[in-house]
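In the numbering used here, the protein residues as written are 19 to 74.
Have a look at this one:
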């Protein structure tokens, strides 16, 4: 298993979560949309972490 297999979804999830958090701060965006984007980011992080090897 290559380290990049888990690192790419984790980094992508971090970026998407940051975008979702920024959308939450914006009052013009629906809270449902902001929470959905934030949730997708967290899901990517969870999937990326689960693919990382526990022992190097």
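Note that the Cβ used here is the ideal one computed from N, Cα and C, for glycine as well.
Where residue i falls: helix, strand or coil (DSSP)
| i | result |
| --- | --- |
| residue 46 | coil |
Chain-order list of residues whose beta-carbon lies under 6 Å from that of residue i (same chain, five-residue window excluded)
| i | result |
| --- | --- |
| residue 65 | 27 |
Residues near residue i in its chain [Cβ-Cβ closer than 7 Å; skip 5 each side]
| i | result |
| --- | --- |
| residue 30 | 62 |
| residue 58 | 34 |
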